[in-house]
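A quick write-up on the structure given underneath.
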Amino acid sequence: MTSGQSGSQGGGFDSADFVAGFITEAEEHLALANANLLSVEDAAAKGQSTPRQVRELFRSLHTIKGLAAMVGVEPIVEVAHAMESVLREADASAGRLPVGAVELLLNGVRAIEHRVKALEKRQAVPAAPTKLIDALSTLRPSAPRDGAGDGEQTTLAPEIWSKLSGAERSQLVQGLSAGRRGLAFEFIPTPALAAAGLSITAVRERVAERAEIVKVVPRSLPTSERSPGGLAFVLVLLTDGADAALAEVTAATPDAFTPVTLVARHAPAAAPVVEGGAVEDELPEDALRHRGVVRVEITRLDEALERLSALVVTQFRLGRAVAAMRVAGGDVRALAPIVTENGRQLRDLRASIMRARMVSVSELLERIPLIVRGLGRSTGKVARLALETSRAELDKAVAERIFPALVHLVRNAVDHALEPPAERRAAGKPETGLLTISCRELSDSQLELTVSDDGAGVDAAAVARRAGAPIPTTDEALLELLTRPGLSTKEEVSTTSGRGVGMDVVKRIAVDELRGELTMRTKRGQGTTFSLRIPLSITIVDAFSFVCGDETFVVPVAMVEEIQEIDLGLTTRGPDRRRAPRPGGDRRRTARATEMIQRRGQAVPVLRLEEVLGLTSAAEDRSAVESGGGGSARRKAIVVRRHGEAFAFAVDRMLGQQEVVVRPLEDRLVRVHGISGTTDLGDGRPTLVLDLAALGGRLVRDSTGAPPP
Amino acid sequence: MSELHVLCKIADAEYVLPAADVLQMESFTGATKVPGADEQVAGLVQIRGRVVPVLDLRVVFGLPTISPTIDSRVVVMKRGDRTVGLLVDYAREVLKIPPADFQPPPAVVTQQTEGLVKAVVQAGNRLLMLIDFTKVIGEEREHAE
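Protein sequences, first through last, are from chains E and V.
Position in the first sequence counted from 1, then plus 957, gives you my numbering.
Position in the second sequence counted from 1, then plus 2, gives you my numbering.
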């Protein structure tokens, strides 16, 4: 076989295998850590504490640290250790994370991911980021471990909190616990505001219409231009509405509003935590076992599939042997149903292995929230992500291919489509942009993923201007322009979307690589929806490409036993009684195996592929071993084996070896024995994928007089 | 049924296809030959990422084939699960034809074309033939393994 992978042979310790194992497991834990960090952040915004997530985070980092130490990747150990320390502290204080911790921990996860990637690519692993580690180690535990005894804390500034009565405190805490938003609104009276009718009394009245006022706390400020009276009022509020509404009635800027959230609940009795020790004693594997999930390298599944293919061939031979016995008059009544049953079981087994390659859509989308969050930060846009996933599953290979396209659509949506908050406000939209990703199974073989935003919509005129084309009138025509290579509608280079990679990449992945469809609906001022229709699975094979008779073909590597140069000195040509032209004859039938090459001392028949396929009529008389064009270049023989018998196909020249996506030919007009499907080698034309063994078999049947299939 | 029809030409005759079944019309510069497929199959083309078998209507109608010209078009049609391209000499116009205007073809025509012409219609001074797409592509048979 031509596969170049190095397996571990013998019982020795194989560090490459071990590193691969580390990478898979680290990725699992990093994904889990990301998800947990986001839910911690989410919960914190709602004022809930998250002891379970913090504990899981701790375990993930602890595991990563241990594994990285075993593999000897010191930088990962360092980062994981710094993160673990913060998390141990938080775990010990019932899941309270210090202020700013989530951001730093996310950065930590990214730093580890970055290093795992380097390891995977066999590149040098960068040193641990010292700034990040310093920042992590100086994180202050946020709240006092025990407080006034009421067990609740909020992020309200201590000097304000201290002014609240017990009843007011519990009013605030209860409101926050019930999921309402807490706000501290600072109102600074000025003569200008007073002239506009905005005194503290007026503000209090207006705010009271839209929010529940817990308390108004006056405090003194140094006299300045901003606070000519040296006085401010902090209104502690509970609200269900948007800040914008409050800001509007009080003529305040958004920065006058500080969110108030619950810091944490004190350790619930159910989860007693022994500092430091107890958690570490648990085996990290437990976390995985609980989820009933095993992560397997895809190559192992492919290997199983390959073995299965061999089994299918054996089953086929068995079937033929039974058929031959029947023809010879043998009693096969007992055998026949067993052969049938065996075939059915093999099909089921194949389906099971294919299912094992499937990943859920939610797994595909699990990193999207993190990406949206990061984009929001770097662009200054406020985006809310709504994920509508389904239980649909798709092949790992499809998932891996479609993910970059999905990320690109998400980036575009946040970067280009969603307007900045001020612009959205002016347009009468909520400041927070909405990004929706949903998924729908169209059939048992197709999935539709949609990425929608409620942003500005695609500016058809701008796109047309950049493309130097007339303004398209339909969404289809607009998409056609958008997916032109190199087109970018944003005038300036933006850091997130960059330059050069545009919608053409999305189209190439979805349409050309996966044979799916890409559609778009857009409305100026209202938003854009992109739909990706993709197959749930594709067949990817390692294949040789070659030229024969001016046509390009590919053949799966697994089918090829050897490729050898045809050496004129080692070729024999036998007599061929059937070369005489037949009236109206099928040229394919004139290809006889009368030429032979020597292969390891054995004579192997050589068939001219162009004749087998009926491609050429010009070179009737030339030998299979002669080159078509100038004569000096030698032809190549692709040796395949069928039923133990070796054949060679003479072809003009080999082009290369690559992974190709094979699409079966579905329409009966083009379903032909010996052609297993088509692929795109990148020239935008379909290239035929040949089943050379089947083609050889056809000739054998022809020559033995057996009926065609 | 929609009134819109795509007008196409094969040799000197003009045909129409219901626009509702037409996915797109593409120029034709050649197709990937499929050795072993029926003679009527011009080959495979890749149109917007989809691999579509193309039937040469000249061969279907028993006419000599020609090399692709600048006017050659593949009319990609979809009916049910099947998507098939029809290679014609020319196709650009879309005509509005009220359904009532279609007449059944003369019996001789039906016989000679083996039912490939479903109906005829007089549009101005032109006589147009409605191609029976389903007949042209043949019934899809279930292929046993």
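Virtual Cβ for every residue (Gly too), placed ideally from N, Cα, C.
{"Query": "Cutoff 8 Å: A39 (chain V) Cβ touching any chain E Cβ", "Result": "yes"}
{"Query": "V1517 (chain E) to M1553 (chain E) span [Cα, whole Å]", "Result": "18 Å"}
{"Query": "Interfacial residues, the stretch 99 to 115 of chain V to chain E, with Cβ spacing under 7 Å", "Result": "none"}
{"Query": "Segments assigned alpha helix (DSSP H), at least 4 residues, entirely inside the stretch 1195 to 1224 of chain E", "Result": "1200 to 1207"}
{"Query": "Unbroken alpha helix (DSSP H) run spanning K1022 (chain E), endpoints", "Result": "P1008 to V1028"}
{"Query": "Residue interval of the alpha helix (DSSP H) (run including H1071 (chain E))", "Result": "A1058 to E1077"}
{"Query": "N- and C-terminal bounds of the beta strand (DSSP E) containing S1181 (chain E)", "Result": "Note, S1181 (chain E): premise wrong, no beta strand (DSSP E); not H, not E."}
{"Query": "Interface residues of chain V facing E1508 (chain E) [CB-CB closer than 8 Å]", "Result": "T34 and K35"}
{"Query": "Own chain residues within Cβ distance below 7 Å of V976 (chain E), not counting five before or after", "Result": "V1028 and L1076"}
{"Query": "Interface flag, Q48 (chain V) vs chain E, CB-CB below 8 Å", "Result": "yes"}
{"Query": "7 Å Cβ shell around P1377 (chain E) - same chain, five flanking residues per side excluded", "Result": "G1337 and K1338"}
{"Query": "Residue environment, P1083 (chain E), which counts as buried when at least 16 other CB atoms sit within 10 Å", "Result": "exposed"}
{"Query": "Inside the stretch 18 to 44 of chain V only - beta strand (DSSP E) runs reaching at least 3 residues", "Result": "24 to 29"}
{"Query": "DSSP beta-bridge partners of F1503 (chain E)", "Result": "E:F1510 and E:M1611"}
{"Query": "Chain E contact for P55 (chain V) (CB, 8 Å cutoff)", "Result": "yes"}
{"Query": "Three-way DSSP call (helix, strand, coil) for T1431 (chain E) in this model", "Result": "coil"}
{"Query": "L1192 (chain E) versus A1159 (chain E): straight-line alpha-carbon distance, rounded", "Result": "13 Å"}
{"Query": "Within-8 Å CB hit, A84 (chain V) to chain E", "Result": "Here residue 84 (chain V) is Arg; the residue named in the question, Ala, does not match the sequence. Closer than 8 Å: yes."}
{"Query": "Within chain V, the residues that T1635 (chain E) reaches when beta carbons sit closer than 7 Å", "Result": "L46 and V53"}
{"Query": "Residue from E:A1092, E:G1634, E:R1610 and E:D1259 with nearest C-alpha to R1620 (chain E)", "Result": "E:G1634"}
{"Query": "Any chain E beta carbon closer than 8 Å to F135 (chain V)", "Result": "no"}
{"Query": "Proximity test, Cβ basis, 8 Å: V43 (chain V) and chain E", "Result": "yes"}
{"Query": "Nearest to V56 (chain V) (by Cα), restricted to the options V:L89, V:T31 and V:A22", "Result": "V:L89"}
{"Query": "Cα-Cα separation between V47 (chain V) and R1610 (chain E), rounded to whole angstroms", "Result": "24 Å"}
{"Query": "Cα-Cα separation, V18 (chain V) to S1502 (chain E)", "Result": "41 Å"}
{"Query": "Beta-carbon proximity list for R118 (chain V), same chain, < 8 Å, skipping 5 on both sides", "Result": "According to the sequence displayed, residue 118 (chain V) carries Leu and not Arg. For L118 (chain V), where only same-chain residues beyond five positions count, the Cβ hits under 8 Å are V62, F63, I133, D134, K137 and V138."}
{"Query": "Chain-order list of residues whose beta-carbon lies under 6 Å from that of L1652 (chain E) (same chain, five-residue window excluded)", "Result": "V1569 and G1631"}
{"Query": "K1353 (chain E) - DSSP class collapsed to helix/strand/coil", "Result": "helix"}
{"Query": "Nearest-angstrom Cα separation, counted from R1161 (chain E) out to E1143 (chain E)", "Result": "12 Å"}
{"Query": "Cutoff 8 Å: I1495 (chain E) Cβ touching any chain V Cβ", "Result": "no"}
{"Query": "7 Å Cβ cut-off: residues of chain V touching D1609 (chain E)", "Result": "Per Cβ cutoff of 7 Å: no residues; D1609 (chain E) is ~16 Å from chain V at best."}
{"Query": "Cutoff 8 Å; reference L129 (chain V); Cβ partners in own chain excluding five residues on either side", "Result": "E16, V122 and V123"}
{"Query": "Meets three-Cβ-pair contact criterion under 8 Å: the stretch 1431 to 1444 of chain E and the stretch 1372 to 1386 of chain E", "Result": "no"}
{"Query": "Test item: CB-CB of L1564 (chain E) and A1607 (chain E) under 8 Å", "Result": "yes"}
{"Query": "Span separating the alpha-carbon of L1265 (chain E) from that of A1313 (chain E)", "Result": "14 Å"}
{"Query": "Distance CB(T925 (chain E))-CB(A1343 (chain E)) smaller than 8 Å", "Result": "Since the first and last residues shown for chain E are 958 and 1666, residue 925 (chain E) lies out of range."}
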